[in-house]
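Numbers given in my numbering equal positions in the sequence shown, counted from 1, plus 116.
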Amino acid sequence: MTLRSAGAAFALLLGSTLLAHAADVVTPYETAPQPAAPAKVDYNGADFVFELGVEGIVQPEYLGSKDYQIAPSALFSVEYVNLPGIGSFGGPDGLGFSIGPSFKYQPKRDSSDYSSLRGLDDVDASYELGIKASYEWEYAEVSGNVRYALGGADGFVGEFGASAIARPTEALTLKFGPTVSLASSDYMDTYFGVTPRESANTGGRLDAYSPSGGFKSVGLAASARYEVFKDYFITADATYDRLVGDAADSPIVKAGDKNQYYFGLGISKRFSLDLF
Numbered sequence: 117m118t119l120r121s122a123g124a125a126f127a128l129l130l131g132s133t134l135l136a137h138a139a140d141v142v143t144p145y146e147t148a149p150q151p152a153a154p155a156k157v158d159y160n161g162a163d164f165v166f167e168l169g170v171e172g173i174v175q176p177e178y179l180g181s182k183d184y185q186i187a188p189s190a191l192f193s194v195e196y197v198n199l200p201g202i203g204s205f206g207g208p209d210g211l212g213f214s215i216g217p218s219f220k221y222q223p224k225r226d227s228s229d230y231s232s233l234r235g236l237d238d239v240d241a242s243y244e245l246g247i248k249a250s251y252e253w254e255y256a257e258v259s260g261n262v263r264y265a266l267g268g269a270d271g272f273v274g275e276f277g278a279s280a281i282a283r284p285t286e287a288l289t290l291k292f293g294p295t296v297s298l299a300s301s302d303y304m305d306t307y308f309g310v311t312p313r314e315s316a317n318t319g320g321r322l323d324a325y326s327p328s329g330g331f332k333s334v335g336l337a338a339s340a341r342y343e344v345f346k347d348y349f350i351t352a353d354a355t356y357d358r359l360v361g362d363a364a365d366s367p368i369v370k371a372g373d374k375n376q377y378y379f380g381l382g383i384s385k386r387f388s389l390d391l392f
């Protein structure tokens with residue numbers, strides 16, 4: 117699947133959603149409709165409300181790659197938690213503070229598969245596990261997550277962002293805003309470093325390079341979330357990241373692409389549990 121076809125699919129999904137609401141456009145003589153408020157959800161006394169689903173992602177074959185692949189991913193978010201004697205997080209309108217787990221899969225980098233990387237050591241698949249938190253108002257959101265990589269990579273990586281929110285209807289939520297990511301030196305070294313031995317193995321094609329920790333990328337993220345039926349959702353999202361700093365200066369990235377694109381399409385369901 118090419119990046120162009122993935123982008124076209126995302127544009128078609130988002131465009132069809134917007135066209136479905138074209139009837140809401142007003143003439144100069146009509147009163148403009150008020151933006152929809154967040155939909156109220158009846159938790160029926162539940163103490164733990166979360167969403168669980170699956171997603172297909174088009175992503176770079178490795179960090180800094182110019183080639184792309186499709187990978188499956190899990191969707192999980194916590195919408196509301198009530199802890200007796202401590203307090204509650206989130207609420208029936210979806211606004212306020214929320215916290216939950218964060219995870220991401222980085223596929224294996226088999227250097228023999230890429231002529232530009234031959235001579236480098238392979239990097240096994242990594243599983244990044246951590247925590248995410250966000251605070252959402254009616255028209256804006258700030259969020260962040262921190263994860264630790266296990267497997268082929270070690271070290272921490274964090275992502276932070278802010279989004280403007282539009283709600284054309286109670287069922288549809290659109291978000292768009294800037295993002296920034298940072299990583300520790302050992303994480304950066306795994307994906308962007310080249311040892312003197314590896315440089316020699318490439319015949320000097322890739323210079324030896326030892327990156328430091330710090331900013332990894334800056335970018336933009338957009339998402340559309342639609343409640344098709346009660347408690348059932350379709351989510352489409354797209355992210356553009358531009359590698360910066362020591363990541364962008366890596367010989368691995370110079371042989372690939374600083375611009376990294378991600379497209380996702382998923383389905384999820386809301387669950388409510390009465391725990392206490």
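We treat Cβ as the ideally placed atom computed from N, Cα and C, and that holds for glycine.
Bridge-paired residues (DSSP) for residue i
{"i": "D357", "result": "G335 and Q376"}
{"i": "T351", "result": "R341 and G382"}
{"i": "S396", "result": "Residue 396 is absent from the model: the chain starts at 117 and stops at 392."}
{"i": "R225", "result": "V239"}
{"i": "S193", "result": "E167"}
{"i": "Y230", "result": "In DSSP, Y230 forms no bridge with anything."}
{"i": "K220", "result": "E244"}
{"i": "I202", "result": "I202 is not bridged to any residue."}
{"i": "S279", "result": "E257"}
CB of residue i within 7 Å of CB of residue j, strictly
{"i": "D163", "j": "F387", "result": "no"}
{"i": "S297", "j": "S333", "result": "yes"}
{"i": "G293", "j": "G268", "result": "no"}
{"i": "E171", "j": "L191", "result": "yes"}
{"i": "L245", "j": "R263", "result": "yes"}
{"i": "A287", "j": "E343", "result": "yes"}
Proximity test, residue i beta-carbon vs the ligand FAD heavy atom, cut-off 6 Å
{"i": "V194", "result": "The ligand FAD is not part of the structure shown, which contains no ligands of any sort."}
For residue i, three-class secondary structure by DSSP
{"i": "Y145", "result": "Low confidence applies to Y145: its pLDDT is 45, below 50, so where it sits in the model is not reliable, and the reading given next is rough at best. If DSSP states are grouped into helix, strand and coil, Y145 belongs with coil."}
{"i": "T295", "result": "strand"}
{"i": "P188", "result": "strand"}
{"i": "H137", "result": "Its pLDDT being 44, under 50, H137 is placed unreliably by the model, and nothing is read from it."}
{"i": "E177", "result": "coil"}
{"i": "D303", "result": "For the sequence presented, residue 303 should be read as Tyr rather than Asp. Helix."}
{"i": "F392", "result": "coil"}
{"i": "K94", "result": "As shown, the chain starts at 117 and ends at 392. That puts residue 94 outside it, with no answer to give."}
{"i": "M117", "result": "Residue placement at M117 is poorly supported in this model, since its pLDDT is 47, which falls under 50; the coordinates still yield a value, given next. In the structure shown, M117 sits in coil (DSSP, three-state: anything other than H, G, I, E or B)."}
Closest Cα partner of residue i within the set the options
{"i": "I186", "options": "I173, Y196, E195 and V194", "result": "I173"}
{"i": "G271", "options": "L211, D302 and S189", "result": "D302"}
{"i": "I247", "options": "L236, S232 and N261", "result": "N261"}
{"i": "K291", "options": "E252, S218 and E167", "result": "E252"}
{"i": "E167", "options": "P217, P176 and T285", "result": "P217"}
{"i": "T351", "options": "P176, S228, D240 and S189", "result": "S189"}
{"i": "L233", "options": "Y378, I368, F379 and D373", "result": "I368"}
{"i": "T295", "options": "T285, E275 and D237", "result": "E275"}
{"i": "S228", "options": "G330, V239, S328 and Q222", "result": "V239"}
{"i": "S250", "options": "A299, A282 and S193", "result": "S193"}
Is the segment 175 to 194 in contact with the segment 298 to 309, if contact means three or more CB pairs nearer than 8 Å? yes
Are there three or more Cβ pairs, one per stretch, closer than 8 Å when the segment 312 to 322 is compared with the segment 352 to 364? no
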